[in-house]
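Oh and the sequence shown: position 282 is 591 in my numbering, straight run, nothing missing.
Beta carbons: idealized from backbone N, C-alpha and C, even for Gly.
First up is the structure itself, then whatever we jot down about it.
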Amino acid sequence: MEDRDRGFDLEDRLATLEDGDLKRTLSPVDRVAERGYFAEPSGGDLPVLETDEALVFASNNYLGLTADRRVQDAARQAAATVGTGAGASRLVTGDTMVHRDLERLLAETKDCERALTFSSGYAANVGTITALEPDVVFSDELNHASLIDGCRLSGAETVVYDHRDVADLRSKLEARAEQDDAADERWLIITDTVFSVDGTVAPLESICDLAEAFGAWVMVDEAHATGLYVDGGGVVQAEGLADRIHVQMGTLSKALASQGGYVAGSDELIECLINDARSFVYSTGLTPPAAAAASEALHLARHSDARERLWENVAHLRDGLESMGFDAPGDSQILPVIVGNREDALALAEGLRERDIVAPAIRPPAVPEGESRIRVTPIATHDKDDIVACLEAFRTVGTELGLL
Ligand code: PMP
Numbered sequence: 310m311e312d313r314d315r316g317f318d319l320e321d322r323l324a325t326l327e328d329g330d331l332k333r334t335l336s337p338v339d340r341v342a343e344r345g346y347f348a349e350p351s352g353g354d355l356p357v358l359e360t361d362e363a364l365v366f367a368s369n370n371y372l373g374l375t376a377d378r379r380v381q382d383a384a385r386q387a388a389a390t391v392g393t394g395a396g397a398s399r400l401v402t403g404d405t406m407v408h409r410d411l412e413r414l415l416a417e418t419k420d421c422e423r424a425l426t427f428s429s430g431y432a433a434n435v436g437t438i439t440a441l442e443p444d445v446v447f448s449d450e451l452n453h454a455s456l457i458d459g460c461r462l463s464g465a466e467t468v469v470y471d472h473r474d475v476a477d478l479r480s481k482l483e484a485r486a487e488q489d490d491a492a493d494e495r496w497l498i499i500t501d502t503v504f505s506v507d508g509t510v511a512p513l514e515s516i517c518d519l520a521e522a523f524g525a526w527v528m529v530d531e532a533h534a535t536g537l538y539v540d541g542g543g544v545v546q547a548e549g550l551a552d553r554i555h556v557q558m559g560t561l562s563k564a565l566a567s568q569g570g571y572v573a574g575s576d577e578l579i580e581c582l583i584n585d586a587r588s589f590v591y592s593t594g595l596t597p598p599a600a601a602a603a604s605e606a607l608h609l610a611r612h613s614d615a616r617e618r619l620w621e622n623v624a625h626l627r628d629g630l631e632s633m634g635f636d637a638p639g640d641s642q643i644l645p646v647i648v649g650n651r652e653d654a655l656a657l658a659e660g661l662r663e664r665d666i667v668a669p670a671i672r673p674p675a676v677p678e679g680e681s682r683i684r685v686t687p688i689a690t691h692d693k694d695d696i697v698a699c700l701e702a703f704r705t706v707g708t709e710l711g712l713l
């Protein structure tokens, strides 16, 4: 293995900005605090999500917190006291204590120095990758579209490696390292941690080993993991890898029951994003109700039993589906029930819907031919009867269609 540093000298970049008097910065936190709002998350029992007609097994509201009274109250209070919109970019007048509070909590959860919020996860990915200006990106073939777009927009050469295939990633890193101009390049390895369609989990530790061997940086997208693992963190926290991963990105729109995205990392990284991530600089700050709702949801993800309830539901549903003969692979809360051809997947989804279970068919081009599936996602606020109802519907329709 070669001994090279292919990282990003952010300190140097910030110093250049400072030298040229070009460095932008958020105002001191005390000044923001003076504007007078500080969210203090509350505790209490989670109410059960009510659904009138159908049980939804298709949302990313994994902890069921969009229907939680405390999260709704936090949004309401922020709207009433801070306003319904930020009114401007964070760098102008859109910065409030609600944003700072959320970012502090995100940084703490993600074991990082700092975090920065964006108006969406999409904006976070596109803004971050373009701001880093990598020369080469090594990207898992199933990475989210916002990561792909970020790579495209950054102008980096993108090398796609086979899904979760560490051997393929290694051989692509080796091949690139042999090229004449590789010595001074900045390399970024990017992967989702939980993949949204397959429910698979990236081999993060092996990716970190490779990144370190080749001097590259690692960026992870924890959109489908944030809030669900140890202390409300993601896969990075579950595997204790925060100090080996340079950029931890995620969204507030799934388990955190809100809207917006975030990036967590070093102080230098966040300072660079504040200056160079165009989707941060030139976009209105996250709305205060969205930020306050996400703070409260993150607090509940950390301190309530919502995570435990989600994982119990996942185990119940997966065991039930597999014991009746369905194939539900993956290692996460996303259960892809692989059916095969698209007609069967569509018929199964339709049959489930007739029995008041909402779980959509996913078919080509979203997945390869022959891998059509139903993507089933239980949430924390489904109760045992809901899971049993879902399993019963799968058994009845699966039997009718001859899939079992
Ligand atoms: N990354 C992944 C893996 C996602 O699934 C999504 C949302 N579908 C995003 C990023 C974008 O997040 P947002 O919806 O907050 O823009």
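Length of the line joining the Cα atoms of residue i and residue j
{"i": "E514", "j": "T390", "result": "44 Å"}
{"i": "D507", "j": "A324", "result": "43 Å"}
{"i": "A348", "j": "V407", "result": "Caution applies to A348, whose pLDDT of 29 falls short of 50 and renders its modelled position unreliable; the value that the coordinates give is listed next. Rounded to whole angstroms, A348 to V407 spans 6 Å at the Cα level."}
{"i": "A564", "j": "L372", "result": "5 Å"}
{"i": "R682", "j": "D328", "result": "55 Å"}
{"i": "D640", "j": "I579", "result": "31 Å"}
{"i": "P512", "j": "D490", "result": "29 Å"}
{"i": "A547", "j": "R413", "result": "20 Å"}
{"i": "F317", "j": "L335", "result": "22 Å"}
{"i": "L657", "j": "P674", "result": "18 Å"}
{"i": "N370", "j": "R333", "result": "35 Å"}
{"i": "A532", "j": "F427", "result": "13 Å"}
{"i": "L462", "j": "V529", "result": "18 Å"}
{"i": "T535", "j": "C421", "result": "14 Å"}
{"i": "D330", "j": "E494", "result": "27 Å"}
{"i": "A698", "j": "L519", "result": "45 Å"}
{"i": "L319", "j": "C581", "result": "7 Å"}
{"i": "S429", "j": "D576", "result": "21 Å"}
{"i": "T708", "j": "E652", "result": "15 Å"}
{"i": "L374", "j": "A476", "result": "39 Å"}
{"i": "H555", "j": "V527", "result": "6 Å"}
{"i": "A586", "j": "V572", "result": "11 Å"}
{"i": "A416", "j": "P598", "result": "20 Å"}
{"i": "A714", "j": "A492", "result": "With the chain represented from 310 up to 713, any question about residue 714 goes unanswered, as that position is not in the structure."}
{"i": "V357", "j": "Q386", "result": "Any reading at V357 must be qualified, since the residue scores a pLDDT of 40, below 50, and its modelled position is unreliable; the value itself is stated next. Computed Cα separation, rounded: 22 Å."}
{"i": "I643", "j": "L326", "result": "43 Å"}
{"i": "R704", "j": "G660", "result": "11 Å"}
{"i": "A440", "j": "G574", "result": "14 Å"}
{"i": "V545", "j": "R378", "result": "29 Å"}
{"i": "I647", "j": "V676", "result": "11 Å"}
{"i": "E621", "j": "D474", "result": "29 Å"}
{"i": "D695", "j": "D628", "result": "15 Å"}
{"i": "P669", "j": "T405", "result": "39 Å"}
{"i": "L425", "j": "T467", "result": "26 Å"}
Residues bridged to residue i (per DSSP)
{"i": "I647", "result": "D636, R682"}
{"i": "Q568", "result": "BP columns for Q568 are empty, so no partner."}
{"i": "D530", "result": "D501, M558"}
{"i": "A424", "result": "A573"}
{"i": "I696", "result": "Answer by DSSP bridge pairing: none, since I696 is not bridged."}
{"i": "V590", "result": "V590 is not bridged to any residue."}
{"i": "A670", "result": "I683"}
Assumed close pair residue i, residue j - CB separation to whole angstroms, cut-off 8 Å
{"i": "F523", "j": "R315", "result": "6 Å"}
{"i": "A395", "j": "T560", "result": "About 18 Å; that fails the 8 Å criterion."}
{"i": "N452", "j": "T500", "result": "7 Å"}
{"i": "L478", "j": "I516", "result": "7 Å"}
{"i": "L537", "j": "R616", "result": "6 Å"}
{"i": "V446", "j": "L497", "result": "5 Å"}
{"i": "D410", "j": "S604", "result": "6 Å"}
{"i": "R684", "j": "A367", "result": "7 Å"}
Exposure of residue i, with buried meaning 16 or more beta-carbon neighbours within 10 Å
{"i": "L626", "result": "buried"}
{"i": "P687", "result": "buried"}
{"i": "L550", "result": "buried"}
{"i": "G711", "result": "exposed"}
{"i": "H608", "result": "buried"}
{"i": "K693", "result": "exposed"}
{"i": "S480", "result": "exposed"}
{"i": "G679", "result": "exposed"}
{"i": "E487", "result": "exposed"}
{"i": "Y591", "result": "exposed"}
{"i": "R612", "result": "According to the sequence as given, residue 612 is His; it is not Arg. Exposed."}
{"i": "D449", "result": "buried"}
{"i": "R423", "result": "buried"}
{"i": "P337", "result": "exposed"}
{"i": "V706", "result": "buried"}
{"i": "A689", "result": "buried"}
{"i": "V401", "result": "exposed"}
{"i": "D312", "result": "exposed"}
{"i": "A624", "result": "exposed"}
ask   = Unbroken beta strand (DSSP E) runs of length 3 or more, entirely within the segment 444-518: which are they?
value = Listed in chain order, the complete beta strand (DSSP E) runs (minimum 3 residues) inside the segment 444-518 are 445-449, 466-470, 496-501.
request  = Would you list, in sequence order, the uninterrupted alpha helix (DSSP H) runs of no fewer than 4 residues that lie entirely inside the segment 355-422?
outcome  = With a minimum length of 4 residues, the continuous alpha helix (DSSP H) runs that stay inside the segment 355-422 are 378-390, 406-418.
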